[in-house]
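Written out below as structure tokens is the structure these notes cover.
Residue numbers (the working numbering): 6 to 99.
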């Protein structure tokens with residue numbers, strides 16, 4: 006399954022733009038402190054995205070703690086997101 010991913014630098018940059026533009030979905034400073042500590046090559050899978058405005062997309066991504074977060078990101082970042090091939094996880098009932 007192909008999945009869009011956002012990397013650490015894209016996430017940090019997008020959040021700065023979202024805060025500066027006062028877009029509805031962004032992280033406050035105290036909610037975002039741990040991201041800077043992640044490895045430069047850290048990536049988060051994007052589970053859903055929708056274009057809401059002329060200048061941004063809203064993404065739903067999964068953090069390492071398995072929580073889901075929304076963030077409004079600039080179109081310039083969205084167009085540069087990487088697509089990776091991920092193995093599908095099959096749930097099984099025991």
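Even for Gly, the Cβ is constructed at its ideal location relative to N, Cα and C. Owing to the predicted nature of the structure, the values given are computational and were not obtained by experimental measurement.
Secondary structure of residue 96, DSSP reduced to three states: Confidence in residue 96 is poor, its pLDDT being 48 and thus under 50, which makes the residue's placement unreliable; the coordinate value appears in the next sentence. Residue state, collapsed to three classes: coil.
The segment 78-90 contacting the segment 31-42, beta-carbon criterion three pairs below 8 Å: Segment contact: the segment 78-90 against the segment 31-42, fewer than three CB-CB distances shorter than 8 Å; contact not assigned.
Near the ligand COA: residue 36 beta-carbon under 8 Å from a heavy atom: This structure lacks the ligand COA; in fact it carries no ligand of any kind.
Residue 42 (DSSP reduced to helix, strand or coil): Helix at residue 42.
Three-pair Cβ contact test at 8 Å for the segment 8-16 versus the segment 42-53: The segment 8-16 and the segment 42-53 touch, with no fewer than 3 CB-CB distances between them shorter than 8 Å.
Per-residue DSSP class, three states only, for residue 71: coil
Cβ-based burial, residue 68 [other Cβ within 10 Å; buried from 16]: Exposed, because fewer than 16 other Cβ atoms sit within 10 Å of the Cβ of residue 68.
Coarse secondary structure for residue 13, derived from DSSP in three states: helix
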